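Colleague:
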Amino acid sequence: MARAGQALDPLQKWSLHETLGLIDNARLKDGQLAAQHPLRCISHTIGAEASSVQPYCAGEQYMAVSYTWPGGWQRLYTSLLPSLVVRNGKRGLSKHVSIFMTVVFDFVLATRQYDRLFFWVDHACINQDDETEKAQQVAAMDRIYTQARMTIVLLEDIELTTEEFSTLNRMTMPKSSEERKRLLTLTRRIMSARWFERAWCSQEMILSHHSSFSLHRTDEPTKPITFPVATLVNWLNRARIYEPNIPWVPEPRGHIDYTRLQPMASSPYAWAYGVVHSMKCYNVYDKIALVQHLVRMPPESRLTLLPDSSGVDVQMADFNVAKVINALAVQNGDYSLLQTGHTADSAELQVEHGFSWAGIPTRGDIVSNAWHGRRQYEVDRDKDVALTSSGLRLSGLLAVSLSRLKDILYAIEAFDADHIWPTFMPADGNWITRGPNDGTQSEWHEPLRNRIWKEYNRPAMVHRSTAQAVEFCHHGSVTTFRELTVDGGVTMIVAGNAPDVDGKQIFQPFVMRLKEFGSDRNACNVIVLQDADARRSGDVRRCGGHLRSFQLLPDSAKLQTITLQ
22 MARAGQALDP LQKWSLHETL GLIDNARLKD GQLAAQHPLR CISHTIGAEA
72 SSVQPYCAGE QYMAVSYTWP GGWQRLYTSL LPSLVVRNGK RGLSKHVSIF
122 MTVVFDFVLA TRQYDRLFFW VDHACINQDD ETEKAQQVAA MDRIYTQARM
172 TIVLLEDIEL TTEEFSTLNR MTMPKSSEER KRLLTLTRRI MSARWFERAW
222 CSQEMILSHH SSFSLHRTDE PTKPITFPVA TLVNWLNRAR IYEPNIPWVP
272 EPRGHIDYTR LQPMASSPYA WAYGVVHSMK CYNVYDKIAL VQHLVRMPPE
322 SRLTLLPDSS GVDVQMADFN VAKVINALAV QNGDYSLLQT GHTADSAELQ
372 VEHGFSWAGI PTRGDIVSNA WHGRRQYEVD RDKDVALTSS GLRLSGLLAV
422 SLSRLKDILY AIEAFDADHI WPTFMPADGN WITRGPNDGT QSEWHEPLRN
472 RIWKEYNRPA MVHRSTAQAV EFCHHGSVTT FRELTVDGGV TMIVAGNAPD
522 VDGKQIFQPF VMRLKEFGSD RNACNVIVLQ DADARRSGDV RRCGGHLRSF
572 QLLPDSAKLQ TITLQ
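In my numbering, the protein residues as written are 22 to 586.
1. Between 243, 409, 169, which lies nearest to residue 102 when the distance is taken from Cα to Cα?
2. Does residue 347 pass the burial test, meaning 16 or more other C-beta atoms within 10 Å, or should it be called exposed?
3. When you compare each of 87, 69, 547, 80 to residue 107 by their alpha carbons, which one comes out closest?
4. So does the stretch 199-211 actually touch the stretch 142-158, counting three or more Cβ pairs closer than 8 Å?
5. Please determine, among 215, 273, 157, the residue with the shortest C-alpha to C-alpha distance to residue 320.
6. I'd like the list of long-range same chain contacts for residue 401, defined as Cβ closer than 8 Å, with 5 residues on each side in sequence excluded.
7. Could you tell me the boundaries of the beta strand (DSSP E) in which residue 113 lies?
8. Quick one: residues in its chain with C-beta nearer than 7 Å to the C-beta of residue 189, no 5 flanking neighbours on either side, listed in chain order?
9. In terms of residue numbering, what span does the beta strand (DSSP E) encompassing residue 407 cover?
10. Is the stretch 380-399 close to the stretch 314-333, with three or more CB pairs under 8 Å?
11. Could you give the distance in angstroms between the alpha-carbon of residue 383 and the alpha-carbon of residue 65?
12. Can you give me the C-alpha to C-alpha distance between residue 34 and residue 330, rounded to a whole angstrom?
13. Would you tell me roughly how many angstroms separate the C-alpha atoms of residue 83 and residue 166, rounded to the nearest one?
14. Beta carbon of residue 408, beta carbon of residue 351: below 9 Å?
15. In its own chain, which residues sit with a C-beta less than 8 Å from the C-beta of residue 1, not counting the 5 before and 5 after it?
16. Which parts of the stretch 225-301 are runs of the beta strand (DSSP E), unbroken and 3 residues or longer, counting only runs that do not cross its ends?
17. Alpha carbons only, please: which of 175, 253, 567 is nearest the one belonging to residue 204?
18. Could you please give me the residues that DSSP links to residue 85 through a beta bridge?
19. Give the secondary structure of residue 527 by DSSP, where H, G and I count as helix, E and B as strand, and everything else as coil.
20. Indicate the three-state DSSP secondary structure (helix, strand or coil) for residue 398 in the structure shown.
21. Straight-line CA distance for residue 217 to residue 94?
22. Enumerate in chain order the residues of its own chain whose CB-to-CB distance from residue 309 is below 7 Å, with the five nearest sequence positions on each side excluded.
23. Count the other CB atoms, across all protein chains shown, that sit within 10 Å of the CB of residue 235; report buried if there are 16 or more and exposed otherwise.
24. Helix, strand or coil for residue 326, going by three-state DSSP, please let me know.
25. Mind checking which residues open and close the alpha helix (DSSP H) that includes residue 8?
26. Could you work out which residue in 376, 176, 155 is closest to residue 250 when comparing CA atoms only?
27. Considering just the uninterrupted stretch of the beta strand (DSSP E) at residue 74, what are its terminal residues?
28. In terms of DSSP beta bridges, what is residue 103 paired with?
29. Three Cβ pairs or more, each shorter than 8 Å: is that satisfied between the stretch 217-232 and the stretch 182-196?
30. Any idea if residue 568 is buried or exposed, counting beta-carbon neighbours within 10 angstroms, 16 or more meaning buried?
31. Closest to residue 587 by CA distance: which of 168, 111, 79, 32 is it?
32. Going straight from the alpha carbon of residue 411 to that of residue 548, what length do you get?
33. Write down every uninterrupted run of the alpha helix (DSSP H) in the stretch 198-222 whose length is 4 residues or greater and which is fully enclosed by it, in chain order.
34. For residue 134, count the other beta carbons within 10 Å of its own beta carbon; 16 or more makes it buried, fewer makes it exposed. Which is it?
35. Using CA coordinates, which residue listed in 580, 337, 529 is at the minimum distance from residue 29?
36. Roughly how many angstroms lie between the CA atoms of residue 293 and residue 259, to the nearest whole one?
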């Protein structure tokens, strides 16, 4: 495959102009788009000496396999042994289709009482010598996993004994410290599999209709341990009660009919990028393809001819990947990534060239992850919104005279969620201001965070939703809000990663405004500005920080169009 973007220096951060050029040139031509299904599948029968790669027949049922390619990591037992695969009439040993994989195939056949089944294994079913075919099948990867009958996940570096597996299955709730320790040990062992840190693997399970895990059985190597993803989720949920750092497993979404449920079921770029952002890829630029799969971008629009990061500084490639994904999101009318980067521990993407407004996912950001475009927001209020080589052109309200940013202790004497929306005023209407010398303090001695947590544990869902909405405003053991007053006396309640905005300009773009308040749509972004290079022509600014607001600025005077570099 002739990779796009090779003219770009992989050791340098790309400018916005270079990023947009890559996007224009990295799509397959109309005549190169393949059908949205596997080209081939592996035919397997129990006890067969070899598996056979055959052309896929439309409508044929198959099972997809998700595994980690062999390389510089240690697999166990029969996972180290290659199996015989027949392709184009030629027999050959395949390290990718291990003996353990064929044992799992036999187990699935015996369990379902079939004589023969078809399996899709990427390395064996895609011609690795045909770069165009590889690009075509990468573009169809989400359809391949979504259309599969199920996905078989192989953890080829993990083993359990039969007794350990039985312990996990029967341990509904640990009754002693020893049982808790055993539960945590076994779940951590499973989650230490290399598969869970690979970006390609994570998206394969999310795209699937259903997934089943298989790993080695220590005392019976010819009989794999197999369990559905729901069972693993149950184990992890139990373990997380005693150890909150036990990781989550993404939920399969292949059963969702995105063509019928748009836009409600659409996945925002902030969520999709968050799935793969911190995971590992042989080629870092593959994360662009993975995000496109997760947001279900139309195949003809996808970037497939992507650069190769082999031998490239990974951090530099990550910067460029972030730029491409942010630009793609804006071009496709998704502004969820404009809402991220607002927390104190996730400063905006700092770049020497290009766009400082580019955001990276913020873990646990329920607002950005729940963004569903026009269902919740008035999008593209500025009909001339555009992404050009100069930057992102937006219209909105610019506050040119910022009074000051002061801390407010949000006093709640009788926390009642019904009275909080949409202004987040306390039920009794009393504000207690913390002055320059930590003046008046609340007379309520119980920490505010504890009181909100009690409300969170009440049965009513509205209270749970409200507690989630204010969760990111916690600072240590104290919950604080920030009040921002701009020209005209308009007041917003905000929180963000810009600790010193005194005297700076802020901008709320009209490209994305809330239609109404609710538990999952409680904020939009306000941007702290600073002047860009004075030598540039036009009103071009840098994004100096992000603030999240709980109120909308009005449709009033002082609307201005600016370009964010």
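Cβ coordinates follow ideal geometry from the N, Cα and C atoms, glycine included.
Predicted model, so just to flag it, every value in this text is computed and none were measured.
Modeller: Reading from the atomic positions:
1. Position 81 of the sequence shown holds residue 102. Closest option to residue 102, Cα to Cα, is 243.
2. Here the question's residue 347 lines up with position 326 in the sequence shown. Residue 347 comes out buried.
3. On the sequence shown, residue 107 is found 86 positions in, with the first residue counted as 1. Between residue 107 and the set 87, 69, 547, 80, the nearest pair of CA atoms involves 69.
4. Short answer: they don't touch.
5. Residue numbering aside, residue 320 sits at position 299 when the sequence shown is read from its first letter. Among 215, 273, 157, the Cα nearest to that of residue 320 belongs to 157.
6. Position 380 of the sequence shown, counted from the first residue, corresponds to residue 401. The residues are 354, 532.
7. Reading the sequence shown from its first residue, position 92 is the one you call residue 113. That run of the beta strand (DSSP E) goes 111-119.
8. Within the sequence shown, the letter at position 168 stands for residue 189. The residues are 207, 256.
9. Within the sequence shown, numbered from 1, the residue matching residue 407 stands at position 386. 407-409 is the span of the beta strand (DSSP E), which, as asked, contains residue 407.
10. Contact fails between the stretch 380-399 and the stretch 314-333, because fewer than three Cβ pairs, one in each stretch, are under 8 Å apart.
11. The count along the sequence shown starts at 1 and reaches residue 383 at position 362. The count along the sequence shown starts at 1 and reaches residue 65 at position 44. Just so you know, the alpha carbons of residue 383 and residue 65 end up roughly 44 Å apart.
12. Numbered from 1 along the sequence shown, position 13 holds the residue referred to as residue 34. Numbered from 1 along the sequence shown, position 309 holds the residue referred to as residue 330. Those two C-alpha atoms are separated by around 13 Å.
13. Here residue 83 is taken as the residue at index 62 of the sequence shown, counted from 1. Here residue 166 is taken as the residue at index 145 of the sequence shown, counted from 1. In a straight line, the C-alpha of residue 83 is about 10 Å away from that of residue 166.
14. Taking the first residue of the sequence shown as 1, we reach residue 408 at position 387. Taking the first residue of the sequence shown as 1, we reach residue 351 at position 330. Cβ atoms of residue 408 and residue 351: closer than 9 Å.
15. The chain is shown only over 22 to 586; residue 1 falls outside these bounds and no answer can be derived.
16. List check, beta strand (DSSP E) in window: 232-238, 246-249.
17. Residue 204 sits at position 183 when you count from the first residue of the sequence shown. When each option's Cα is compared against that of residue 204, the closest is 253.
18. By one-based count along the sequence shown, residue 85 stands at place 64. By DSSP's assignment, residue 85 forms a beta bridge with 141, 172.
19. Numbered from its first residue, the sequence shown carries residue 527 at position 506. Reduced to three states, the DSSP call for residue 527 is strand.
20. As a position in the sequence shown, residue 398 is number 377, starting the count at 1. Three-state result, residue 398: strand.
21. Residue 217 sits at position 196 when you count from the first residue of the sequence shown. Residue 94 sits at position 73 when you count from the first residue of the sequence shown. Between residue 217 and residue 94, the C-alpha separation is close to 14 Å.
22. Working through the sequence shown from its first residue, we reach residue 309 at position 288. Cβ within range, chain order: 324, 327, 342, 345, 346.
23. In the sequence shown, residue 235 corresponds to position 214, counting from 1. Answer is buried; the Cβ neighbour count reaches 16.
24. Along the sequence shown, one-based indexing puts residue 326 at 305. Residue 326: coil per DSSP, three-state reduction.
25. Coverage of the chain is limited to positions 22 through 586, which leaves residue 8 absent and any answer about it impossible.
26. Locating residue 250 in the sequence shown gives position 229, counting from the first residue. Minimum Cα distance to residue 250 is reached at 176.
27. Mapped onto the sequence shown, residue 74 falls at position 53. According to the DSSP assignment, residue 74 belongs to the beta strand (DSSP E) that extends over 72-76.
28. Along the sequence shown, one-based indexing puts residue 103 at 82. DSSP links residue 103 through a beta bridge to 119.
29. Flag = no, the stretch 217-232 and the stretch 182-196 do not touch.
30. Here residue 568 corresponds to residue number 547 of the sequence shown, with the count starting at 1. Taking all protein chains shown into account, residue 568 has 16 or more neighbouring C-beta atoms within 10 Å of its C-beta and is therefore buried.
31. In the structure displayed, the chain extends from 22 to 586; residue 587 sits before or after that span and is not available.
32. Locating residue 411 in the sequence shown gives position 390, counting from the first residue. Locating residue 548 in the sequence shown gives position 527, counting from the first residue. Approximately 18 Å between the Cα atoms of the pair.
33. Here the runs fully enclosed are 198-212.
34. Counting from 1 along the sequence shown, the entry for residue 134 is found at position 113. Counting Cβ neighbours within 10 Å, residue 134 comes out exposed, since fewer than 16 surround it.
35. For the purposes of this step, residue 29 is identified with residue 8 of the sequence shown, where counting begins at 1. Closest option to residue 29, Cα to Cα, is 337.
36. Residue numbering aside, residue 293 sits at position 272 when the sequence shown is read from its first letter. Residue numbering aside, residue 259 sits at position 238 when the sequence shown is read from its first letter. One C-alpha to the other measures close to 26 Å.
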